[in-house]
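The block underneath contains the structure these notes are about, expressed in structure tokens.
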Amino acid sequence: MRKKKYNISVEATLEVIGGKWKCVILCHLTHGKKRTSELKRLMPNITQKMLTQQLRELEEDGVINRIIYNQVPPKVEYELSDYGKSLEGILDALCAWGDQHITKVYGDKTEVLEESVLNR
1 MRKKKYNISV EATLEVIGGK WKCVILCHLT HGKKRTSELK RLMPNITQKM LTQQLRELEE
61 DGVINRIIYN QVPPKVEYEL SDYGKSLEGI LDALCAWGDQ HITKVYGDKT EVLEESVLNR
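Residue numbers (the UniProt record's numbering): 1 to 120.
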């Protein structure tokens, strides 16, 4: 297997958490375990296919854990792994910057932000 080369280390970060949905998923998981259906409800604009794909990629990268409960009907939950918890500072900084950006561009952020536990 050939080792990958990066021009700058932020490329490695973005390879793991980049894209439209991964940071949103991770932010929701900072508030505790979630089932797929809960994540879908929290992110109504994501398709089921995309949610499943993003969860699989985050799991492959070791950022989240998939917990399977042996019961009928089957129950699956996702949580941040210990490695994923190391991203909390980055996620907090992204949220803080987003708050500042929304305020700068739109003024009152309550006009453009949905009601969510993440927006309190």
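The C-beta atom is built at its ideal place from N, Cα and C for all residues, glycine as well. Remember, predicted model here, so these are calculated numbers, not experimental data.
Please identify the residue among Cys95, Ile64, Ile90 whose C-alpha is closest to the C-alpha of arginine 35. Ile64
Taking the runs of the alpha helix (DSSP H) that are 4 residues or longer, which of them lie wholly in the UniProt domain "HTH hxlR-type" (8–106)? 10–17, 22–29, 36–42, 48–60, 82–85, 88–106
Any idea if tyrosine 78 is buried or exposed, counting beta-carbon neighbours within 10 angstroms, 16 or more meaning buried? buried
Taking methionine 50 as the reference, give the member of Gln71, Tyr69, His28, Trp21 with the closest Cα. Trp21
For glutamate 15, which option in Pro74, Ser81, Thr30, Glu60 has the closest C-alpha, if you only look at C-alpha atoms? Glu60
Between threonine 110 and isoleucine 102, what straight-line distance do the alpha-carbon atoms span, to the nearest angstrom? 10 Å
Given this structure, state the Cα-to-Cα distance separating tyrosine 6 from threonine 13, to the nearest angstrom. 11 Å
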